[in-house]
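> Numbering (my numbering), first residue to last: 802 to 926.
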Ligand SMILES: [Zn+2]
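(1) Report the rounded CA-to-CA distance for residue 915 versus residue 849, giving the unit in angstroms.
(2) Can you tell me the Cα-Cα spacing of residue 833 and residue 881, whole angstroms?
(3) So, is residue 859 buried or exposed, given that buried needs 16 or more other C-beta atoms within 10 angstroms?
(4) For the region 859-879 against the region 904-913, do three or more pairs of beta-carbon atoms, one drawn from each stretch, fall closer than 8 Å, so that the two count as touching?
(5) Is the CB-CB distance between residue 835 and residue 841 below 8 Å?
(6) For residue 844, which residues in the same chain have their Cβ closer than 6 Å to its Cβ, ignoring the five residues on either side in sequence?
(7) Which residue from 825, 913, 893, 837 puts its Cα closest to that of residue 869?
(8) When you measure from the CB of residue 836 to every non-hydrogen atom of ligand 1, does any distance come out below 7 Å?
(9) Using the Cα positions of residue 810 and residue 864, report the straight-line distance between them to the nearest angstrom.
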């Protein structure tokens with residue numbers, strides 16, 4: 802989607818100390834660029850980074866120039882992919898921790914059993 806060039810720039814209160822030019826939504830929102838925005842990029846920010854398969858997002862829209870729009874879209878997609886992978890990765894880690902705990906318990910059981918056998922064996926000698 803292309804941002805209309807003739808639209809009135811939206812202004813935000815300057816309480817944050819940024820110059821007015823930084824709030825001109827007609828400009829690319831990368832502070833180092835400030836070229837005219839030609840594309841509207843929706844950025845879906847995950848509301849939570851927890852071990853859940855589903856999540857909600859907060860969507861913000863920013864204008865970007867033709868040069869920076871593809872990079873913004875790529876990074877947004879990568880962030881959402883990372884959020885989607887988080888559940889699977891945490892599930893894998895949880896499973897590995899559970900298996901390790903079971904194996905440690907078995908080893909402890911075997912070690913205790915071997916110690917009891919060894920004690921008995923020494924008595925026989
Ligand atoms: Zn730009």
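Each residue gets a CB set at the ideal place from its N, CA and C atoms; glycine is no exception.
Quick look at the numbers:
(1) 48 Å
(2) 25 Å
(3) exposed
(4) no
(5) no
(6) 861, 877
(7) 837
(8) yes
(9) Because residue 810 carries a pLDDT of 46, less than 50, the predicted location of this residue cannot be relied on, and no value is offered for it.
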